[in-house]
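Chemist: What follows is a single structure, and I will ask about it in a moment.
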Ligand code: ASP
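Residue numbers (our numbering): 58 to 363.
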C-alpha cells in the first residue's frame, strides 16, 4: 500500500481534568476515533484526501461534543454562525464558507465552493441561498443549538456582567479539523467550527481562512489549526508552518512548535495538527487539552485528549 496518513483535532481548549466527566472524555475520544477510522478507510480504499477529510469532519459535525455543526459555539446573541474551509494540496484549491446559520454540513458546503465555483470564500445568507439552490441540505438554525451551550453562554454573560470584561479567550471549545495524505500523494486540510463562545456576531476566525486555519501543498505538508483564531490569523499560522517546512527545511513538529511559541508571545494559545509528504504526523498544543487522533504512515494509531 502506498503511504497514507491522517490526523484530526477536536479542538484545543482549557478543559479541567477534575471537572471533565468520564462520559465527556469518552464522547470526545469516540468522536475522534470514529471520524478517523472512517477517513482512514477511505484512504485505504484508494479514496482521495478530500473525500477522507469531508467524511471525517461530517461525522464530527454531527456529534454535539464538538464545536462544529450540532454543538457549535454560540454568538453573544445565542445564535450560531458557522465557518468551515478545505484546501487541496495538489493545486492549492480552496473552498470556504463563513457566518452561515442553516447549512447542515458546513464542510460539505466548503467543498462545494471549492469544486463548483470560481470563488474561495462565501459568507452569510447569500451563500446559503446559493448553496441551497445548488442542492445542499438546509436546516433550521436551532438544529445546531444545544442546551449545554445555552447554559454555558448564560454563565459567561453573567460573569461578564459582573466583571464588565470580555473574556471569550477562556472558553475555547472543540472546533474540528483533519489533515490527510492519500495514496496518490495528495495532501489536504480542512476545518469546521462554530467559532468562539460569546463571539461578536459577524466575527470570523481563522478556521475558514487559508493560510491561517489551514494550508496544504503536495510534497510539503498539510496543516490545520485550532485555538484563539485572531492570533492564528495575525501570524498566518498554517502558512507559517508550511513556509518553515518548505524554505527552512524544518521538520513539521519543530515548525508547529515554533508557530505556537510565537503565538504565545502575542498572548494566544491553541493547537496545530500537521502531516508531511512522508506521512509523519505531529499534534502539539499549548492549552490544557486537545482531543486528537492520528494514524501515521507506519500505521501507528493514537487517540488522546490531555
Ligand atoms: N479557531 C476557532 C476560532 O477562532 C476556535 C477553535 O479552534 O476552537 O473560531
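Even glycine gets a Cβ: it sits at the ideal position worked out from N, Cα and C.
Select from 106, 219 and 99 the residue whose C-alpha is nearest the C-alpha of residue 245.
Modeler: Here residue 245 refers to the residue found at position 188 of the chain shown. Residue 106 is the option with its Cα nearest to residue 245.
Chemist: From this set, 306, 129, 241 and 69, which residue's C-alpha is nearest residue 366's C-alpha?
Modeler: No information on residue 366 is available, as it lies outside the stretch 58 to 363 that the chain covers here.
Chemist: Taking Cβ to Cβ, would you say residue 237 is nearer than 8 Å to residue 155?
Modeler: Translated into the one-based positions of the chain shown, residue 237 becomes position 180. Translated into the one-based positions of the chain shown, residue 155 becomes position 98. Not closer than 8 Å, so no.
Chemist: Where DSSP assigns a beta bridge to residue 282, which residues make up the other side?
Modeler: Taking the first residue of the chain shown as position 1, residue 282 is located at position 225. Per DSSP, 329.
Chemist: Grab the span of the alpha helix (DSSP H) containing residue 266 for me, first residue to last.
Modeler: The residue given as residue 266 occupies position 209 in the chain shown. Note, residue 266: premise wrong, no alpha helix (DSSP H); not H, not E.
Chemist: Would you check if the distance between the CB atom of residue 114 and the CB atom of residue 200 is smaller than 8 Å?
Modeler: Reading the chain shown from its first residue, position 57 is the one you call residue 114. Reading the chain shown from its first residue, position 143 is the one you call residue 200. Taking 8 Å as the Cβ cut-off, residue 114 and residue 200 do not qualify as a contacting pair.
Chemist: Assign residue 305 to buried or exposed, taking buried as 16 or more other Cβ atoms, counted over all protein chains shown, within 10 Å of its Cβ.
Modeler: Your numbering for residue 305 matches position 248 in the chain shown. So residue 305 ends up on the exposed side.
Chemist: Report whether the distance from the Cβ of residue 69 to the nearest heavy atom of the ligand ASP is below 7 Å.
Modeler: Along the chain shown, one-based indexing puts residue 69 at 12. Under cutoff, so the answer is yes.
Chemist: Run through DSSP, which three-state label would residue 346 get?
Modeler: Against the chain shown, residue 346 aligns to sequence position 289. It is a strand residue.
Chemist: Secondary structure at residue 256, three-state DSSP: helix, strand or coil?
Modeler: By one-based count along the chain shown, residue 256 stands at place 199. Strand.
Chemist: Can residue 50 be considered in contact with the ligand ASP, in the sense that its beta carbon sits closer than 7 Å to one or more heavy atoms?
Modeler: Since the first residue of the chain shown is 58 and the last is 363, residue 50 is not available in this structure.
Chemist: Between the segment 85-93 and the segment 161-178, do at least 3 Cβ pairs fall closer than 8 Å?
Modeler: Not touching, per the Cβ criterion.
Chemist: By DSSP, does residue 226 sit in helix, in strand, or in coil?
Modeler: Within the chain shown, numbered from 1, the residue matching residue 226 stands at position 169. For residue 226, the predicted model reports a pLDDT of 47, less than 50, meaning its position is unreliable; a value from the coordinates is still stated below. Reduced to three states, the DSSP call for residue 226 is helix.
Chemist: Among 276, 278, 267 and 248, whose alpha-carbon lies nearest the alpha-carbon of residue 292?
Modeler: As a position in the chain shown, residue 292 is number 235, starting the count at 1. That would be 267, whose Cα lies nearest to the Cα of residue 292.
Chemist: Since residue 130 and residue 284 should fall inside the 8 Å C-beta cutoff, what is the C-beta to C-beta distance between them, to a whole number of angstroms?
Modeler: The residue you call residue 130 lines up with position 73 of the chain shown. The residue you call residue 284 lines up with position 227 of the chain shown. In fact, because the Cβ distance is near 13 Å, the residues do not count as touching under 8 Å.
Chemist: In chain order, what residues of the same chain lie with their CB nearer than 8 Å to the CB of residue 32, ignoring the 5 residues before and after it?
Modeler: Only positions 58 to 363 of the chain appear in this structure, which leaves residue 32 out of reach.
Chemist: Comparing alpha-carbon positions, which option in 146, 256, 78 and 182 lies nearest residue 286?
Modeler: The count along the chain shown starts at 1 and reaches residue 286 at position 229. Nearest in C-alpha terms to residue 286, of all of 146, 256, 78 and 182, is 256.
Chemist: Quick check on DSSP: helix, strand or coil for residue 202?
Modeler: Here residue 202 refers to the residue found at position 145 when the chain shown is read from its first residue. In the structure shown, residue 202 sits in coil (DSSP, three-state: anything other than H, G, I, E or B).
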